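Heads up: the structure comes next, in structure tokens.
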Amino acid sequence: KAGVTQTPRYLIKTRGQQVTLSCSPISGHRSVSWYQQTPGQGLQFLFEYFSETQRNKGNFPGRFSGRQFSNSRSEMNVSTLELGDSALYLCASSWAETANTGELFFGEGSRLTVL
Amino acid sequence: GEDVEQSLFLSVREGDSSVINCTYTDSSSTYLYWYKQEPGAGLQLLTYIFSNMDMKQDQRLTVLLNKKDKHLSLRIADTQTGDSAIYFCAESAGYSSASKIIFGSGTRLSIRP
Chain A
15 KAGVTQTPRY LIKTRGQQVT LSCSPISGHR SVSWYQQTPG QGLQFLFEYF
65 SETQRNKGNF PGRFSGRQFS NSRSEMNVST LELGDSALYL CASSWAETAN
115 TGELFFGEGS RLTVL
Chain B
3 GEDVEQSLFL SVREGDSSVI NCTYTDSSST YLYWYKQEPG AGLQLLTYIF
53 SNMDMKQDQR LTVLLNKKDK HLSLRIADTQ TGDSAIYFCA ESAGYSSASK
103 IIFGSGTRLS IRP
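Residue numbers (our numbering), protein chains in the order written: chain A, 15 to 129; chain B, 3 to 115.
If you want it as structure tokens, here you go:
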């Protein structure tokens with residue numbers, strides 16, 4: 015069974031640009047969540063999508079947005095990039111439908127560098 | 003609000019045991035997790051424990067839970083160079099939502115020869 019796939023793995027942007035990151039969850043998983051990982055702030059929850067609906071959102075500005083498609087694939091977008099947006103962006107998928115252990119399956123991440 | 007705290011660094015000699023500690027604040031936590039992140043990779047679930055257990059053993063890994071003190075530890079026996087990674091403690095009240103899983107800041111484990 016294929017794992018969570020994130021593209022691109024690495025990208026470099028300049029301030030003011032926008033970026034779109036993609037995540038394909040494990041087949042059958044309907045929940046996709048996004049995290050920002052930085053050395054100073056650790057792992058910060060961005061948002062979670064389930065069945066094409068944003069279910070929860072973390073404490074990030076409106077420049078950060080996302081969506082989920084009918085095949086459960088998800089994208090996140092960051093507009094008007096700032097230097098502080100440089101981070102590893104992780105996507106995780108899960109069953110999230112029935113009572114379960116809540117295990118998250120992470121992709122390898124997209125490392126964004128903003129110059 | 004809920005919080006999970008871990009020390010940032012741990013250095014151990016190859017072959018020794020590593021003990022990574024974590025404290026959490028949410029008394030309604032149902033599941034407690036240890037995730038491992040190797041360099042350049044995402045997080046991978048190592049093990050988890052139900053809150054009604056006080057110990058779980060899985061090969062070289064031993065998880066101890068002190069619910070009264072809200073303290074969780076991960077012991078890695080016979081630590082190897084392949085164990086070098088960042089270890090995240092996380093807790094959840096059992097909701098089926100990723101937003102309810104609270105992660106610690108991670109402990110970077112380095113192995114000395």
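Ideal Cβ placement from N, Cα and C applies to all residues, glycine included.
Fair warning: this is a prediction, and the values are worked out from it, not measured in the lab.
So, helix, strand or coil for leucine 118/A, using DSSP? The residue given as residue 118/A occupies position 104 in the first sequence. Three-state DSSP puts leucine 118/A in coil, outside helix and strand.
How is alanine 113/A classed by DSSP in three states: helix, strand or coil? Locating residue 113/A in the first sequence gives position 99, counting from the first residue. At alanine 113/A the pLDDT is 45, less than 50, meaning the model places this residue with poor confidence and gives no usable figure here.
So who's on the other strand from valine 14/B, going by DSSP bridges? Here residue 14/B refers to the residue found at position 12 when the second sequence is read from its first residue. Answer is Ile113/B.
From threonine 112/A to glycine 54/A, what distance separates their C-alpha atoms? Residue mapping note: residue 112/A aligns to position 98 of the first sequence, counting from 1. Residue mapping note: residue 54/A aligns to position 40 of the first sequence, counting from 1. Any reading at threonine 112/A needs caution, since the residue's pLDDT is 49, under 50, leaving its predicted position unreliable; the model's value is listed next. Rounded to whole angstroms, threonine 112/A to glycine 54/A spans 34 Å at the Cα level.
Which residue or residues does DSSP assign as beta-bridge partners of phenylalanine 74/A? As a position in the first sequence, residue 74/A is number 60, starting the count at 1. None; phenylalanine 74/A has no bridge partner.
So is glutamate 66/A in contact with chain B if we call contact Cβ pairs under 8 Å? Indexing the first sequence from 1 puts residue 66/A at position 52. Not an interface residue.
Roughly how many whole angstroms lie between the Cα atoms of glutamine 20/A and phenylalanine 74/A? Locating residue 20/A in the first sequence gives position 6, counting from the first residue. Locating residue 74/A in the first sequence gives position 60, counting from the first residue. Each residue's alpha carbon lies about 21 Å from the other.
Throw me the rounded Cβ distance for the glutamine 122/A and glycine 84/B pair, which I believe falls under 8 Å. Here residue 122/A corresponds to residue number 108 of the first sequence, with the count starting at 1. Here residue 84/B corresponds to residue number 82 of the second sequence, with the count starting at 1. This sequence places glutamate at residue 122/A; glutamine is not what is there. With 8 Å as the limit, glutamate 122/A and glycine 84/B do not qualify as a contact, their Cβ atoms being about 18 Å apart.
Between which two residues does the beta strand (DSSP E) containing glutamine 57/A stretch? By one-based count along the first sequence, residue 57/A stands at place 43. The sequence shown places leucine at residue 57/A, rather than the glutamine named in the question. Unbroken beta strand (DSSP E) run through leucine 57/A: 56-64.
Sufficient close CB pairs (3 or more, under 8 Å) joining the region 82-94 of chain A to the region 33-53 of chain A: yes
As assigned by DSSP and simplified to three states, the class of leucine 97/A: If you number the first sequence from 1, residue 97/A lands on position 83. Correct three-state label for leucine 97/A: helix.
Against chain A, does glycine 108/B count as a neighbour if the rule is that its beta carbon must be under 8 Å from one of theirs? The residue labelled residue 108/B in the question sits at position 106 within the second sequence. For glycine 108/B, the answer is yes, since a Cβ of chain A falls inside 8 Å of its Cβ.
Buried versus exposed call for serine 38/A [16 or more other C-beta atoms within 10 Å across all chains shown]: Sequence index remark: in the first sequence, residue 38/A carries index 24 (1-based). Counting Cβ neighbours within 10 Å, serine 38/A comes out buried, since at least 16 surround it.
Hey, is phenylalanine 78/A's beta-carbon within less than 8 Å of any beta-carbon in chain B? Indexing the first sequence from 1 puts residue 78/A at position 64. False, the Cβ-Cβ gap to chain B never drops below 8 Å.
Beta carbon of tyrosine 89/B, beta carbon of lysine 58/B: below 8 Å? To locate residue 89/B, count along the second sequence from 1; it is residue 87. To locate residue 58/B, count along the second sequence from 1; it is residue 56. For tyrosine 89/B and lysine 58/B, no; Cβs fall outside 8 Å.
Could you list which residues in chain A have their beta carbon closer than 9 Å to that of glycine 17/B, in chain order? In the second sequence, residue 17/B corresponds to position 15, counting from 1. Correct list: empty, because the minimum Cβ distance to chain A is about 29 Å.
Nearest-angstrom Cα distance between arginine 62/B and arginine 114/B? Position 60 of the second sequence, counted from the first residue, corresponds to residue 62/B. Position 112 of the second sequence, counted from the first residue, corresponds to residue 114/B. Straight-line Cα distance between these residues: approximately 18 Å.
Mind pulling the chain A residues with CB within less than 8 Å of phenylalanine 90/B? For the purposes of this step, residue 90/B is taken as residue 88 along the second sequence, with counting starting at 1. By Cβ distance, chain A contributes Leu57.
Chain B residues whose Cβ lies nearer than 8 Å to that of glutamate 96/A: As a working mapping, residue 96/A is identified with position 82 in the first sequence. Those do not exist, as glutamate 96/A stays about 22 Å from chain B at its closest Cβ, beyond 8 Å.
Would you call the CB atoms of asparagine 23/B and serine 9/B closer than 8 Å? Against the second sequence, residue 23/B aligns to sequence position 21. Against the second sequence, residue 9/B aligns to sequence position 7. Against a cut-off of 8 Å, the Cβ pair of serine 9/B and asparagine 23/B comes out as a contact.
Could you pull out every residue in the same chain whose Cβ sits closer than 7 Å to the Cβ of serine 107/A, ignoring the five residues on either side in sequence? Here residue 107/A refers to the residue found at position 93 when the first sequence is read from its first residue. Around serine 107/A: Val18, Pro39, Ile40, His43, Ser45, Val46, Phe119.
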